[in-house]
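Residue numbers (the UniProt record's numbering): 1 to 114.
Every residue, glycine too, gets a C-beta built ideally from N, C-alpha and C.
The structure displayed is predicted, hence computed values, not measured ones.
Structure record follows, encoded as structure tokens.
Right, dumping it as structure tokens:
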């Protein structure tokens with residue numbers, strides 16, 4: 001029998017009880033229908049600077065935002081959508097709805113959009 005190659009690396013996928021960098025996806029429950037804010041009102045409040053909360057990881061969020069905007073811009077270019085489409089009133093609530101859904105949103109199919 002041969003032993004494992006010296007160059008191979010084994011990875012332990014078990015999370016320790018002291019903490020893990022992996023985050024469980026947020027579970028949606030029946031009460032979320034009552035307490036999830038309307039995307040249009042969230043966008044309006046953001047424009048009025050209401051409900052602004054400071055956080056300790058603003059640098060990380062800024063970097064994540066820049067990366068996300070770069071991905072959105074790349075999609076605009078790939079799809080041939082004019083960049084001024086982001087000024088439409090429906091654009092900001094769409095982005096807010098995606099954010100409220102959270103990770104794991106599957107893109108809509110052609111038939112779902114038509």
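Taking the C-beta atoms as reference points, residue 97 is found no nearer than 9 Å to residue 30. Counting every other CB atom within 10 Å of its CB across the protein chains shown gives residue 81 a total below 16, marking it as exposed.
Rounded to the nearest whole angstrom, the C-alpha separation of residue 46 and residue 95 is 13 Å. Here residue 105 carries a coil assignment [DSSP, helix/strand/coil]. Counting only the Cα atoms, residue 71 lies some 15 Å from residue 105. Bounds of the alpha helix (DSSP H) holding residue 78 are 58-79.
For residue 113, the uninterrupted alpha helix (DSSP H) run begins and ends at 110-113, by DSSP. For residue 41, the enclosing alpha helix (DSSP H) covers residues 39-47.
Looking from the CA of residue 99, the closest CA among 43, 84, 48 belongs to 43. Judged by beta-carbon spacing, residue 102 lies beyond the 9 Å limit of residue 37, meaning their Cβ atoms are not closer than that value.
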